[in-house]
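The structure appears below as structure tokens.
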Amino acid sequence: MSFRHGLAGSPVRLVSSRDPASIRFGDQLIAVLPRLRRFARGLAGSASDADDLVQAACERALARQHQFQEGTRFDSWMFRIVQTIWIDLVRSRDVRKEEGDMPEERLGSDEPVRRVEARLALAEVRRAVDLLPPDQRTALLLVTVEGLSYKEAAEVVQVPVGTIMSRLARARMALQAQLEAGRGVGRSRTDAEAR
Amino acid sequence: MQRLGDDRLIAYLDGELETAQRREVEAWLDADPAARQQLAALADSTHLLRLAYDEVLHEALPDRLIAAARGETIEAQAPARILPFKGRAGARTVTSNRWWIALPAAASLFGLVVGGGAVYLGIAKLLPDNVAGKRPAVEAAAANGAWLDNAAGYFKLFVNAGDNPALDVAATGDPREALQKISQSLPQEGRLPELNLKPWGLSFRGAKLVVAEGRPAAELVYTTDNKAIGPLTLIIGSSKLPNISPTFDRRQDVNLLYWRHEGRAYALVGQAEIGYLWGIANDVAWQLDAI
């Protein structure tokens, strides 16, 4: 799956001419980029697809910055844009994760064995998340990883709080079952904390 | 276990229950070992899940995303835009607003205080912080602004010193040695984040005693061959003010990310893009358990 093609890794030149309000908006956007990338990584699975998703979200946010209401949470507004774009893509395509899409960093051969094991344990968690249905995955990432309240997550996804609760519960139970069926939560946690 | 029970346990774990519901769950947990076991397993998988995605926060932001956030157009195959490193010897930039020029006086004053052997008390008298809790919000904000002014000023001093920055303790073979020496003049022990590895490649040059929030602080100085990042300083001091999340600010052409955590104040200062600063700040916070 790819949202856009092209410029990652290429030398770039940046050209801009902007007013102070746009600069402030851009700074605000840059400040939340790490969290947007984390959220998008959880949704899209691969690093490049996630960054494509975030880039598309930035472009949409800039085009609609007048719609952002001061005094509301900027991160939630951006999560909503990312989620909307992703759901549109999921609905329009049969999104399949490509096999062997594990980032190179997790395959480094010069790391100590325990660190490699830890990374594999965390990769196992990410794979378990990838297996969840999109709605459950979104609820899980917003609440458990990004720390939004149920109410905030419901506003992002635009569903009732009760729906978030049930999606979250199904996601958590499925994740736990996956991890227990794999290597065991206890071992995974020990390995992961050895990082 | 009933499905409803799982819902309730998860909401309990997430802190989403009302008081009465919470008590109900706690009573259930007291009576049912299986429920306790289930809660522990859920807490475990939650912890793992957060760990699994946290590493994304420590990655450098791709240029294309920073450009997209700023609404800038990108032309491929051209040299990367690099924030100018203006302070190298022979290449000093004259700015119209020399707001930072007063800093040497402040630094000298601080040096005298240090020389007098009354570091903490001396500074505390000059800039009392023990009333911070009672300080009106506006005054606290002004004090916050002043220390950021100082942080940016100290950075400019370092940059404009070129290849011979005025450091109180220069880094030697063991970078921790400099910090240990400077820590002797601080009211608390300092720790040194390792930023020399990829993707930052920052070399620790040494440390300097400065003032942050009216208290002695360590300014750690880093340089790198990576011109997109440029020289950086990291100020670590103590603070009695409440915790705040990393917050971006700017003084002229100097970018700052500052935050407070558990009695310490941090400021990462440089001319790199905010995306780089954010990534490095995340790494610092991760290493120093400072967030």
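The listed protein sequences derive, respectively, from chains A and B.
Heads up, our numbering is the position in the first sequence plus 31, with the first residue counted as 1.
Heads up, our numbering is the position in the second sequence plus 18, with the first residue counted as 1.
Glycine is no exception: its CB is placed at the ideal position from the N, C-alpha and C atoms.
Sort out for me which residues DSSP pairs residue i with in a bridge.
i: B:LEU250; result: B:TYR240 and B:GLY288
i: B:THR265; result: B:TYR276
i: B:ALA188; result: B:GLY224
i: B:PRO234; result: B:VAL229
i: B:GLU255; result: Looking at the sequence itself, residue 255 of chain B is Gly, so the reference to Glu does not match. According to DSSP, B:GLY255 bridges with B:ALA235 and B:ALA283.
Just to confirm my understanding: we take residue i, look at its own chain, exclude 5 residues before and 5 after, and list those with CB closer than 8 Å. What are they?
i: A:PRO186; result: According to the sequence displayed, residue 186 of chain A carries Glu and not Pro. Here the set comprises SER107 and ARG111.
i: B:LEU31; result: LEU57, LEU60, ALA61 and THR64
i: A:LEU179; result: SER107, PHE110, LEU173 and VAL187
i: B:THR265; result: LEU275, TYR276 and TRP277
i: B:GLU212; result: GLN305
i: B:GLN20; result: Caution is warranted here: a pLDDT of 46 is assigned to B:GLN20, below 50, making its placement in the model unreliable, and no coordinate value can be reported.
May I have the straight-line CA-CA distance separating residue i from residue j, to the nearest angstrom?
i: B:GLU237; j: B:ILE254; result: 7 Å
i: B:ALA285; j: B:TYR276; result: 4 Å
i: B:ILE247; j: B:SER221; result: 12 Å
i: A:CYS232; j: B:ASP167; result: Nothing in the structure corresponds to residue 232 of chain A, since chain A is present only between 32 and 226.
i: A:ASP50; j: A:PHE56; result: 10 Å
i: B:ASN178; j: B:THR251; result: 13 Å
i: B:GLU280; j: B:GLY293; result: 25 Å
i: B:VAL43; j: B:GLY288; result: 50 Å
i: A:ALA212; j: B:ARG68; result: 20 Å
i: B:GLU36; j: A:ALA200; result: 18 Å
i: B:ASP50; j: A:GLN114; result: 39 Å
i: A:GLN96; j: A:THR103; result: 13 Å
i: B:GLY23; j: A:TRP117; result: 32 Å
i: B:LEU66; j: A:VAL156; result: 7 Å
i: B:ARG41; j: B:ASN261; result: 30 Å
i: A:ARG66; j: B:ALA45; result: 37 Å
i: A:VAL190; j: A:PHE105; result: 19 Å
i: B:ALA53; j: B:GLY297; result: 40 Å
i: B:ALA123; j: B:LEU175; result: No answer about B:ALA123 holds up, because its pLDDT of 37 lies below 50 and its placement is not dependable.
i: B:ALA169; j: A:VAL176; result: 33 Å
i: A:ARG198; j: B:LEU47; result: 23 Å
i: A:ALA159; j: B:ASP267; result: 39 Å
i: A:SER53; j: A:ILE61; result: 12 Å
i: B:PRO234; j: B:ALA188; result: 18 Å
i: A:ARG203; j: A:GLN209; result: 10 Å
i: B:GLU90; j: B:GLN55; result: 52 Å
i: B:GLU291; j: A:GLN59; result: 13 Å
i: B:GLY33; j: B:TYR240; result: 41 Å
i: A:ALA205; j: A:GLY73; result: 16 Å
i: B:LEU227; j: A:LEU64; result: 33 Å
Suppose the cutoff is 7 Å on Cβ atoms and the five residues either side in sequence are ignored; what does the same chain contact list for residue i look like?
i: B:SER263; result: TRP277
i: B:TRP311; result: A question about residue 311 of chain B goes unanswered here, because the residues of chain B that appear run from 19 up to 309.
Report all residues from its chain with a CB closer than 6 Å to the CB of residue i; omit the five preceding and five following residues, and keep chain order.
i: A:ALA75; result: ALA81 and LEU84
i: B:ALA283; result: ALA230, GLU231, GLY255 and SER257
i: B:GLY219; result: THR242 and ASN244
i: B:ASP301; result: HIS76
i: B:PHE173; result: THR251, VAL272 and VAL287
Discussion item. Is it the case that the region 151-168 of chain A contacts the region 23-30 of chain B, given that we only count it when at least three CB pairs across the two stretches are under 8 Å?
Written reply: no
Worksheet item: So, do the region 76-87 of chain A and the region 78-91 of chain B have three or more beta carbon pairs nearer to each other than 8 Å?
Response: yes
Discussion item. In chain order, what are the residue ranges of uninterrupted alpha helix (DSSP H) at least 4 long that sit wholly in the region 155-195 of chain A?
Written reply: 165-171 and 181-188
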